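A quick write-up on the structure given underneath.
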Amino acid sequence: MITVQNLQLTIKKTEILKGISVTFEKGKIHGLIGRNGSGKTMLMKCICGFVRPTAGTVIVAGKHIGKDCDFPESVGIIIETPGFIPYYSGYRNLKLLADLNRKIGKEEIRAAMQKVGLDPDLKRHVRKYSLGMRQRLGLAQAIMENPDLLILDEPMNGLDKEGVADMRQYLLDLKAQGKTILIASHSAEDISVLCDTVCEMDKGVLTPLEGWASAETGA
Amino acid sequence: MKRLSLMRSELTRWLRSDKQMLLAVTLIYSTSYILLPLREISAYFRESLNLFEGFLTLLGNGFSMMVVVLVYLFLIIDYPDLTGNALFVIARLGRKRWLRNQLAFVYLTSAFYLLAVFLFSLLLTGDLSFVANGWSNTMRQLLTESNADLRTQNMLAVLHESIQNYYRPYEAMWKSTLLMFLQITLFGQLQICLTVRFNKLAAVFVNLLIVSAGALFWNARHWAQWFFPISNATVGWHHAAFFNQEIFPLWGSALYLIAGNLLLLLYSGYCAKRCDFMLGRN
């Protein structure tokens, strides 16, 4: 479960997040919608621990981010366009990341790549990947360590129809396994197909969307 | 080694980077102003050189010192890398471990850089050199009154008199290399910490300010030069040339550079805790 309490973020006198309070329950897919620059990505970065809020707290799985730990312990992340080392293959990029905390081995990396529709034996360098392939690789890095929480910012960007359908099904499977997923998307269809709760971010204020089983917000 | 796995991959990326072309600046500089003139002087006197004299000459004067430091700073200007897969890496390593890896990267690249410059000096003067622990007749003759003109013509190729007077080559070699290494790591760590805490521009500005202010005070022979790493890292400037007089204690400079490095290590812990990771802020 993710609990955000009175989260405020001000950067260079601009209020990015204005006292957000929300609870995202475990085992559900939570959607975040809103215009570009409304603060969705910053909220996700605060939850991930990349950005320290000006005020307020983020508690993930009972741990206060920034006090008890730097980052949530079991989290897979795609924020903004996933970047990789361009002159390595997709597999080698994932291996490099997996080696950082040695939670998984070669088999898990291969399995993650196959799940998102990438060939682990493909020797092609990432710089020659299409946008959709990079996005799939980004998702593979997010899921390969089997995290309990997935934070995905526009994960369908650059995917073709088939890719979007695969990805949706895969996210629904993960939900069925009890994973919590927080997803930001501009696609109304993605949100309606996938999400159990939806919140809209507008100018740093988060409000639950009517007609959905809403996340508990302080709004 | 698990803790330093990022450092290994960063090092590989650094070694493969196009920026390594900048290393040529140091190499061309040392070839044009130090190593080739040394070869010519050696041929002129028909005497050999000591194996370390080329490298020690490079580390022994202010202009070369600035070139060596600035080229290193430009070599690592892309680091810490906050683009590409940085967020994935930081999330897996944690803030402190990630920054420690960056600092380890600075130490290793500094060593690589100095080693490359040293090997290059060996390559260019090795065939004319001996390894015994004594200064060459080339350098001794260059210091005599009758060769004043030759000295003036090859100012940058003359090994600082005080080094020859106060040290033997092996001692001068390890002391100069150590101080230079500590100076480069000081600047490198400062770059990493300030980039993480503020931004790249602030880091580059502060480093350039310290290098130029240090060079300015050294040029003016002002006592304030000892507040800056560039003077503290140059062994020859610690002694008056021909007199048994210490201008500034070498142990004081070593202490200054070690303390600076340690303070930055501590500061890095604070930076790791306080920084925000904005992708592309690099």
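Taken in sequence, the protein lines are chains A and B.
Per our numbering, residue 594 is the first one in the first sequence, and the count goes up by one each step.
Per our numbering, residue 1497 is the first one in the second sequence, and the count goes up by one each step.
Where a beta carbon is used, it is the ideal one built from N, C-alpha and C, also for glycine.
Just so you know, these numbers come straight off a predicted model, no measurement behind them.
What's the gap between the Cα of residue i and the Cα of residue j?
{"i": "B/Arg1777", "j": "A/Ser667", "result": "At B/Arg1777 the pLDDT is 44, less than 50, meaning the model places this residue with poor confidence; the figure from the coordinates comes in the next sentence. If I take the Cα positions, the gap works out to 26 Å."}
{"i": "A/Ala812", "j": "A/Val651", "result": "Residue confidence for A/Ala812 is low, a pLDDT of 46 falling below 50, so the modelled location carries little weight and cannot support an answer."}
{"i": "B/Leu1682", "j": "B/Leu1760", "result": "8 Å"}
{"i": "B/Val1627", "j": "B/Ser1544", "result": "11 Å"}
{"i": "B/Trp1747", "j": "B/Leu1674", "result": "12 Å"}
{"i": "B/Ala1737", "j": "B/Arg1535", "result": "24 Å"}
{"i": "A/Arg645", "j": "A/Asn739", "result": "26 Å"}
{"i": "A/Tyr722", "j": "A/Gly710", "result": "13 Å"}
{"i": "A/Leu602", "j": "A/Lys768", "result": "30 Å"}
{"i": "A/Ile776", "j": "A/Gly731", "result": "14 Å"}
{"i": "B/Gln1679", "j": "A/Ser780", "result": "53 Å"}
{"i": "A/Ser631", "j": "A/Lys606", "result": "16 Å"}
{"i": "B/Val1707", "j": "B/Leu1555", "result": "15 Å"}
{"i": "B/Phe1570", "j": "B/Gly1622", "result": "28 Å"}
{"i": "B/Asn1650", "j": "B/Pro1745", "result": "29 Å"}
{"i": "B/Ser1505", "j": "A/Lys688", "result": "11 Å"}
{"i": "A/Lys696", "j": "B/Phe1724", "result": "45 Å"}
{"i": "B/Leu1599", "j": "A/Asp789", "result": "44 Å"}
{"i": "B/Asp1772", "j": "A/Phe643", "result": "6 Å"}
{"i": "B/Ala1607", "j": "B/Lys1696", "result": "23 Å"}
{"i": "B/Ile1537", "j": "B/Leu1646", "result": "8 Å"}
{"i": "B/Ser1780", "j": "B/Ser1526", "result": "The structure shown does not extend to residue 1780 of chain B, since chain B is modelled only from 1497 through 1778, so no value can be given for it."}
{"i": "A/Cys792", "j": "B/Tyr1766", "result": "35 Å"}
{"i": "A/Ser778", "j": "B/Ile1754", "result": "51 Å"}
{"i": "A/Met594", "j": "B/Pro1576", "result": "33 Å"}
Per DSSP, which one or two residues make a beta bridge with residue i?
{"i": "A/His718", "result": "A/Ser682"}
{"i": "A/Cys792", "result": "A/Leu625, A/Pro801"}
{"i": "B/Thr1527", "result": "Partner(s): none; B/Thr1527 has no beta bridge."}
{"i": "B/His1735", "result": "B/Glu1742"}
{"i": "B/Thr1546", "result": "For the record, residue 1546 of chain B in the displayed sequence is Asn; it is not Thr. B/Phe1626."}
{"i": "A/Cys662", "result": "A/Ile658"}
{"i": "B/Thr1648", "result": "BP columns for B/Thr1648 are empty, so no partner."}
{"i": "A/Tyr597", "result": "Note that residue 597 of chain A is Val in the sequence shown here, rather than Tyr. A/Val597 pairs with A/Val615, A/Val651."}
{"i": "A/Glu608", "result": "A/Thr603"}
If the cut is a Cβ gap below 7 Å, which residues of chain B does residue i touch?
{"i": "A/Cys641", "result": "Ala1587"}
{"i": "A/Gln734", "result": "Phe1584"}
{"i": "A/Asp663", "result": "Gly1590, Arg1591"}
{"i": "A/Leu550", "result": "Examination of residue 550 of chain A is not possible in this model, given that chain A is present from 594 through 812 alone."}
If the cut is a Cβ gap below 9 Å, which residues of chain B does residue i touch?
{"i": "A/Val653", "result": "What A/Val653 touches in chain B: nothing, since even the nearest Cβ is about 12 Å away."}
Cβ closer than 8 Å: which chain A residues qualify as neighbours of residue i?
{"i": "B/Phe1773", "result": "Lys638, Phe643, Val644"}
{"i": "B/Thr1579", "result": "Gly676"}
{"i": "B/Arg1509", "result": "Ile678"}
Please classify residue i: does DSSP put it in a helix, a strand, or coil?
{"i": "A/Ser614", "result": "strand"}
{"i": "A/Gln770", "result": "coil"}
{"i": "A/Ala777", "result": "strand"}
{"i": "B/Pro1533", "result": "helix"}
{"i": "B/Ala1729", "result": "coil"}
{"i": "B/His1718", "result": "coil"}
{"i": "A/Leu602", "result": "strand"}
{"i": "B/Val1521", "result": "helix"}
{"i": "A/Asn694", "result": "helix"}
{"i": "B/Lys1671", "result": "helix"}
{"i": "A/Lys688", "result": "helix"}
{"i": "B/Leu1554", "result": "helix"}
{"i": "B/Cys1771", "result": "coil"}
{"i": "B/Gly1776", "result": "Any reading at B/Gly1776 must be qualified, since the residue scores a pLDDT of 46, below 50, and its modelled position is unreliable; the value itself is stated next. Three-state DSSP puts B/Gly1776 in coil, outside helix and strand."}
{"i": "B/Gly1684", "result": "helix"}
{"i": "A/Gly649", "result": "strand"}
{"i": "B/Gly1710", "result": "helix"}
{"i": "A/Gly669", "result": "strand"}
{"i": "B/Val1692", "result": "helix"}
{"i": "A/Thr674", "result": "coil"}
{"i": "A/Asp712", "result": "coil"}
Since residue i meets chain B, which of its residues come closer than 8 Å, beta carbon to beta carbon?
{"i": "A/Val668", "result": "Ala1587"}
{"i": "A/Asn686", "result": "Asn1581"}
Determine the chain A residues that contact residue i at a beta-carbon separation under 7 Å, and present them in chain order.
{"i": "B/Ser1505", "result": "Leu689"}
_Within the segment 1565 to 1644 of chain B, ranges of the alpha helix (DSSP H) (whole runs, at least 4 residues)_ = As summarised for the segment 1565 to 1644 of chain B, the continuous alpha helix (DSSP H) elements at least 4 residues long and confined to that stretch are 1582 to 1589, 1591 to 1621, 1633 to 1638, given in chain order.
*If you scan the segment 1737 to 1768 of chain B from start to end, which runs of the alpha helix (DSSP H) of 4 or more residues do you find wholly inside it?*
none
*Go through the segment 727 to 756 of chain A residue by residue and report every complete run of the beta strand (DSSP E) that reaches 3 residues or more, in order.*
Taking only runs of at least 3 residues, the beta strand (DSSP E) segments lying wholly in the segment 727 to 756 of chain A are 742 to 746.
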